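Have a look at the structure below, then the notes.
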Amino acid sequence: MFARHPYLSLATFVYLGVVGWATLTPQSGRASSNLLWRMAEFFDRYEATQWLTFSTLEFLANIAMFVPLGLFFVLLLGRRRWWLAIALGFLLTMVIEFVQQFIGGRVPDVRDIVANSLGAILGTLLALVLTAAAARKRRAGRVSSEPIASRL
1 MFARHPYLSL
11 ATFVYLGVVG
21 WATLTPQSGR
31 ASSNLLWRMA
41 EFFDRYEATQ
51 WLTFSTLEFL
61 ANIAMFVPLG
71 LFFVLLLGRR
81 RWWLAIALGF
91 LLTMVIEFVQ
101 QFIGGRVPDV
111 RDIVANSLGA
121 ILGTLLALVL
131 TAAAARKRRA
141 GRVSSEPIAS
151 RL
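Everything in the sequence shown is counted per the UniProt record's numbering, starting at 1 for the first residue and increasing by one.
Dropping the structure here:
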């Protein structure tokens with residue numbers, strides 16, 4: 001699997017490293033949190049966007065962080081194993097939340113499990129949609145390459 005897709009494998013491992021850095025390093029005035037606070041303060045200025053609180057933005061950011069993982073896992077494992085991409089996303093977030101209890105400034109949160117899992121599901125669905133046309137072409141190619149007599 002990794003030998004068949006070396007660049008995709010590398011991109012997946014690099015992104016896993018980014019997720020690890022973002023979720024498993026001590027939290028002390030992180031730039032991402034500062035950005036989310038600034039965004040929340042900006043949205044709070046306008047009545048129409050006051051619902052975008054820090055908590056909501058953090059939840060949406062956790063979803064967004066796991067969308068690429070669902071996508072990468074489906075592309076690496078194949079469309080038939082889409083369920084495994086979701087399971088890996090859920091397992092990864094469970095491990096992250098477990099480890100966070102031992103890291104200074106980190107607090108495990110059930111909302112993170114929900115958001116990260118939702119992100120993995122959305123990434124998996126995105127991968128299935130994006131690869132559907134290629135899968136149809138492959139199936140059509142297999143059918144049309146068979147002799148007509150064998151299709152009857």
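All C-beta atoms in this analysis are idealised placements derived from N, C-alpha and C, irrespective of residue type, glycine included.
Owing to the predicted nature of the structure, the values given are computational and were not obtained by experimental measurement.
Distance, residue j Cα to residue i Cα
i: residue 20; j: residue 92; result: 10 Å
i: residue 111; j: residue 130; result: 28 Å
i: residue 61; j: residue 139; result: 37 Å
i: residue 137; j: residue 124; result: 20 Å
i: residue 45; j: residue 96; result: 34 Å
i: residue 42; j: residue 13; result: 34 Å
i: residue 152; j: residue 65; result: Any reading at residue 152 must be qualified, since the residue scores a pLDDT of 43, below 50, and its modelled position is unreliable; the value itself is stated next. For residue 152 and residue 65, the distance between alpha carbons rounds to 49 Å.
i: residue 38; j: residue 4; result: 43 Å
i: residue 100; j: residue 109; result: 9 Å
i: residue 67; j: residue 119; result: 4 Å
i: residue 15; j: residue 141; result: 34 Å
i: residue 7; j: residue 59; result: 30 Å
i: residue 82; j: residue 121; result: 9 Å
i: residue 47; j: residue 133; result: 43 Å
i: residue 117; j: residue 98; result: 15 Å
i: residue 69; j: residue 17; result: 11 Å
7 Å CB neighbourhood of residue i in its chain, flanking five on each side removed
i: residue 156; result: Only positions 1 to 152 of the chain appear in the structure, and residue 156 is not among them; the question remains open.
Residue i vs residue j beta-carbon contact at 9 Å
i: residue 127; j: residue 73; result: yes
i: residue 76; j: residue 9; result: yes
i: residue 113; j: residue 94; result: yes
i: residue 11; j: residue 79; result: no
Residues near residue i by beta carbon distance below 8 Å, same chain, minus five either side
i: residue 26; result: 103, 104, 105 and 106
Same chain, Cβ closer than 6 Å to residue i, neighbours up to 5 away in sequence not counted
i: residue 49; result: 43
i: residue 23; result: 96
i: residue 71; result: 123, 126 and 127
Using 8 Å as the Cβ pair cut-off and three pairs as the minimum, do the region 33-48 and the region 84-91 touch? Verdict: no, contact absent.
Can you list the alpha helix (DSSP H) stretches of 4 or more residues lying completely in the region 82-138, in chain order? 82-100
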